[in-house]
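Peer 1:
Number of protein chains: 2
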Amino acid sequence: MPAEAKAPASTARAAGQPASPPLTERQEARRRRILHASAQLAGRGGFDAVQMREVAESSQVALGTLYRYFPSKVHLLVATMQDQLEHMHDTLRKKPPAGQTAAERVAETLMRAFRALQREPQLADAMVRALTFADRSVSPEVDQVSRQTTTIILDAMGLEDPTPDQLSAVRVIEHTWHSALITWLSGRASIAQVKVDLETVCRLIDLTGPRERD
Amino acid sequence: MPAEAKAPASTARAAGQPASPPLTERQEARRRRILHASAQLAGRGGFDAVQMREVAESSQVALGTLYRYFPSKVHLLVATMQDQLEHMHDTLRKKPPAGQTAAERVAETLMRAFRALQREPQLADAMVRALTFADRSVSPEVDQVSRQTTTIILDAMGLEDPTPDQLSAVRVIEHTWHSALITWLSGRASIAQVKVDLETVCRLIDLTGPRERD
DNA sequence: CGATAATCTAGAACAAGTTTCAGACTTGAT
DNA sequence: ATCAAGTCTGAAACTTGTTCTAGATTATCG
Numbered sequence: 001m002p003a004e005a006k007a008p009a010s011t012a013r014a015a016g017q018p019a020s021p022p023l024t025e026r027q028e029a030r031r032r033r034i035l036h037a038s039a040q041l042a043g044r045g046g047f048d049a050v051q052m053r054e055v056a057e058s059s060q061v062a063l064g065t066l067y068r069y070f071p072s073k074v075h076l077l078v079a080t081m082q083d084q085l086e087h088m089h090d091t092l093r094k095k096p097p098a099g100q101t102a103a104e105r106v107a108e109t110l111m112r113a114f115r116a117l118q119r120e121p122q123l124a125d126a127m128v129r130a131l132t133f134a135d136r137s138v139s140p141e142v143d144q145v146s147r148q149t150t151t152i153i154l155d156a157m158g159l160e161d162p163t164p165d166q167l168s169a170v171r172v173i174e175h176t177w178h179s180a181l182i183t184w185l186s187g188r189a190s191i192a193q194v195k196v197d198l199e200t201v202c203r204l205i206d207l208t209g210p211r212e213r214d
Numbered sequence: 001m002p003a004e005a006k007a008p009a010s011t012a013r014a015a016g017q018p019a020s021p022p023l024t025e026r027q028e029a030r031r032r033r034i035l036h037a038s039a040q041l042a043g044r045g046g047f048d049a050v051q052m053r054e055v056a057e058s059s060q061v062a063l064g065t066l067y068r069y070f071p072s073k074v075h076l077l078v079a080t081m082q083d084q085l086e087h088m089h090d091t092l093r094k095k096p097p098a099g100q101t102a103a104e105r106v107a108e109t110l111m112r113a114f115r116a117l118q119r120e121p122q123l124a125d126a127m128v129r130a131l132t133f134a135d136r137s138v139s140p141e142v143d144q145v146s147r148q149t150t151t152i153i154l155d156a157m158g159l160e161d162p163t164p165d166q167l168s169a170v171r172v173i174e175h176t177w178h179s180a181l182i183t184w185l186s187g188r189a190s191i192a193q194v195k196v197d198l199e200t201v202c203r204l205i206d207l208t209g210p211r212e213r214d
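These protein sequences, in sequence, are chains Y and A.
When we follow the UniProt record's numbering, the leftmost residue of the first sequence carries the number 1, and every step to the right adds one.
When we follow the UniProt record's numbering, the leftmost residue of the second sequence carries the number 1, and every step to the right adds one.
(1) Rounded to a whole number of angstroms, what is the C-alpha to C-alpha distance between Ala126(Y) and Ile173(Y)?
(2) Could you check if Gly187(Y) belongs to the surroundings of the ligand PLP, using beta carbon to heavy atom distance under 6 Å?
(3) Going by beta-carbon coordinates alone, are Ser168(A) and Val106(Y) separated by less than 7 Å?
(4) Are Phe133(Y) and Phe133(A) touching if we call contact CB-CB under 7 Å?
(5) If we ignore side chains and look at the alpha-carbon of each, how far apart do Arg144(Y) and Asp90(Y) end up?
(6) Residues of chain Y with a CB under 8 Å from the CB of Gly187(A): which are they?
(7) Thinking C-alpha only, which one of Asp161(A), Val74(A) and Glu199(A) is nearest Ser139(A)?
(8) Could you name the residues of chain Y that Arg203(A) contacts, counting a contact when the two beta carbons are closer than 8 Å?
(9) Taking C-beta pairs closer than 9 Å, name the residues in chain Y that Arg129(A) reaches, listed in chain order.
(10) May I ask you to report which of helix, strand or coil DSSP gives Ala95(Y)?
(11) Excluding sequence positions up to five away, which residues of its chain have a Cβ less than 7 Å from the Cβ of Arg203(Y)?
(12) In chain Y, which residues lie with their C-beta within 7 Å of the C-beta of Asp143(A)?
(13) Here's the rule: buried if 16 or more other CB atoms are within 10 angstroms of the residue's CB, otherwise exposed. What is Thr109(A)?
(14) Answer yes or no: does any C-beta atom of chain Y fall closer than 7 Å to that of Arg171(A)?
(15) Are any of the Cβ atoms in chain Y nearer than 7 Å to that of Lys195(A)?
(16) Give the secondary structure of Arg203(A) by DSSP, where H, G and I count as helix, E and B as strand, and everything else as coil.
(17) How many Å lie between Val142(Y) and Trp184(A) at the Cα?
(18) Please list, in chain order, all residues of the same chain as Thr200(A) whose beta carbon is under 6 Å from its beta carbon, the five residues on each side excluded.
(19) Is there a C-beta anywhere in chain A that falls below 7 Å from the one on Ala107(Y)?
(20) Would you report the Cα separation of Asp206(Y) and Glu25(A), rounded to the nearest angstrom?
(21) Spell out a yes or no on whether the segment 150 to 157 of chain Y and the segment 144 to 162 of chain A are touching, meaning 3 or more CB-CB pairs, one atom from each, closer than 8 Å.
(22) Assign Thr101(Y) to buried or exposed, taking buried as 16 or more other Cβ atoms, counted over all protein chains shown, within 10 Å of its Cβ.
(23) With DSSP as the reference, label Asp160(A) as helix, strand or coil.
(24) Which of helix, strand or coil does DSSP assign to Thr101(A)?
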């Protein structure tokens, strides 16, 4: 019978996955070392600096093992993003945004996240590029990131069950968030511009927010 | 003295570039063959199917020459997108959108463009993935695409000189456009969802459109 | 404890983007 | 027509993501 699980996958901690067989301690440790190395390398040179051989070496794991845990570089970086997002969500839960309106709170939340990314622009580059470059084979993981982001925004809005209209607004906000990050990361938009755009898109919330018409 | 131009670059037809030395006819023809081959290959397998060796062979050009014209695969695909965007803009000029409000016209324009992309989803995949994956070295070209897109949207709005507020709204619309395309292309959003999101974001125009308060 | 099946390791091998180089070919100017 | 400078070609080399293989290790079952 099998010794360790067949295919080490994501933590499955949050919502979603069909819970692949649990990892042994050593496997959990390996996974953690890999993600750590990934974030570390990304923190230096961004996407390009995350080289699979280096990640393997840094995390004391054979190349083949790395690929068993994360079937591609993009998978690895998206998983790294999931990891960081969890931190962010925890932080936000401790100090929720304080604005009066939902739009203000969402804008504040996004700006806080943005400032966090500004501290590690290279890491942001690696994660965001991976996220938007991901093809269908990474869909489940990218979707998980998307769900996590949606949760964070809905939390900021303070909503229980959003209307379809509001969900669309939230999706648009996420679109803007990702794409604005990209333009900032590639040097085509200033920080101020990103700020303005995030505030602009958040106005959509006021537009859909005050319930349909009951 | 030089025989042909030093660095064959983009058409520089539209606005923007400092007009690199003009290309000879044969060079223009090569450039065109390359772009054609690129679009053709992209039309089949999408981003991955555009392999530089194949593009070179298809367009009857040496690999080194291909790289002289387009310094990377991403450059090539972004140029391909510029090309397609021009077509689109021409088409739109012939049959402008007919909606009553600016928001309607923009939404109609985007939906028309979206339908055009649906006819060649693989080509869309290649172009959009390249666009969002582009790093700083491609900024000028990506910026050109962005300007072209902005022009198309402003055209649809029928605006002469937009306010900063409106420009931000347009940027947000572009963000949504790109990011929504990505989610559709990677199979994480339905066509209907993209449609709704585009309509949602276009409402921002009504919010900023009817001049400040004058 | 021993058998067994899966995992992990080291390293070679392969694929596609990118770079490089020597030599043949064009071009524009004299 | 000839020359100089730059361009194009064909092919090899290099880089980094990905795959494959044979053998050493580890975990679980009996």
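For every residue, glycine included, the Cβ atom is placed at its ideal position computed from N, Cα and C.
Peer 2: The relevant details are as follows:
(1) As a position in the first sequence, residue 126(Y) is number 126, starting the count at 1. As a position in the first sequence, residue 173(Y) is number 173, starting the count at 1. Using only the alpha carbons, I get a separation of about 21 Å.
(2) In terms of ligand content, the structure shown is empty, and the ligand PLP therefore cannot be addressed.
(3) As a first step, residue 168(A) must be located in the second sequence, where it is residue number 168. As a first step, residue 106(Y) must be located in the first sequence, where it is residue number 106. It is not a contact, given that the beta carbons lie outside the stated cut-off.
(4) Stepping through the first sequence from its first residue, residue 133(Y) is reached at position 133. Stepping through the second sequence from its first residue, residue 133(A) is reached at position 133. Yes, the Cβ-Cβ distance between Phe133(Y) and Phe133(A) is below 7 Å.
(5) Walking along the first sequence from the start, residue 144(Y) turns up at place 144. Walking along the first sequence from the start, residue 90(Y) turns up at place 90. Looking at the sequence shown, residue 144(Y) is not Arg but Gln. Roughly 16 Å between the two C-alpha positions.
(6) Locating residue 187(A) in the second sequence gives position 187, counting from the first residue. When 8 Å is used as the limit between beta carbons, Gly187(A) is near these residues of chain Y: Arg136 and Ser139, in chain order.
(7) In the second sequence, counting from the first residue as 1, residue 139(A) sits at position 139. The option with the nearest alpha carbon to Ser139(A) is Val74(A).
(8) Taking the second sequence and counting its residues from 1, one reaches residue 203(A) at position 203. The answer, in chain order, is Leu204 and Leu207.
(9) Here residue 129(A) is taken as the residue at index 129 of the second sequence, counted from 1. Residues of chain Y passing the Cβ test: Thr132, Phe133 and Asp135.
(10) In the first sequence, counting from the first residue as 1, residue 95(Y) sits at position 95. The residue you asked about is not Ala; residue 95(Y) is Lys in the sequence shown. If DSSP states are grouped into helix, strand and coil, Lys95(Y) belongs with coil.
(11) Here residue 203(Y) corresponds to residue number 203 of the first sequence, with the count starting at 1. Cβ neighbours of Arg203(Y) beyond the five flanking positions: Ala103.
(12) If you number the second sequence from 1, residue 143(A) lands on position 143. Residues of chain Y passing the Cβ test: Arg188.
(13) Indexing the second sequence from 1 puts residue 109(A) at position 109. It counts as buried.
(14) Looking up residue 171(A) in the second sequence gives position 171. Output row for Arg171(A): interface = yes.
(15) Working through the second sequence from its first residue, we reach residue 195(A) at position 195. Judged by the 7 Å Cβ criterion, Lys195(A) is not in contact with chain Y.
(16) As a working note, residue 203(A) is residue 203 in the second sequence. It is helical.
(17) Start at 1 with the first residue of the first sequence, and residue 142(Y) comes out as number 142. Start at 1 with the first residue of the second sequence, and residue 184(A) comes out as number 184. Here the C-alpha atom of Val142(Y) lies approximately 13 Å from the C-alpha atom of Trp184(A).
(18) The count along the second sequence starts at 1 and reaches residue 200(A) at position 200. Cβ within range, chain order: n/a, list empty.
(19) Working through the first sequence from its first residue, we reach residue 107(Y) at position 107. So no, Ala107(Y) is outside the interface.
(20) As a first step, residue 206(Y) is located in the first sequence; it is residue number 206 there, counting from the start. As a first step, residue 25(A) is located in the second sequence; it is residue number 25 there, counting from the start. Between Asp206(Y) and Glu25(A), the C-alpha separation is close to 56 Å.
(21) no
(22) On the first sequence, residue 101(Y) is found 101 positions in, with the first residue counted as 1. Exposed.
(23) In the second sequence, the residue the question calls residue 160(A) occupies position 160. Note on residue identity: the sequence assigns Glu, not Asp, to residue 160(A). The answer is coil: DSSP assigns Glu160(A) none of H, G, I, E or B.
(24) Taking the first residue of the second sequence as position 1, residue 101(A) is located at position 101. Note: Thr101(A) maps to coil in three-state DSSP.
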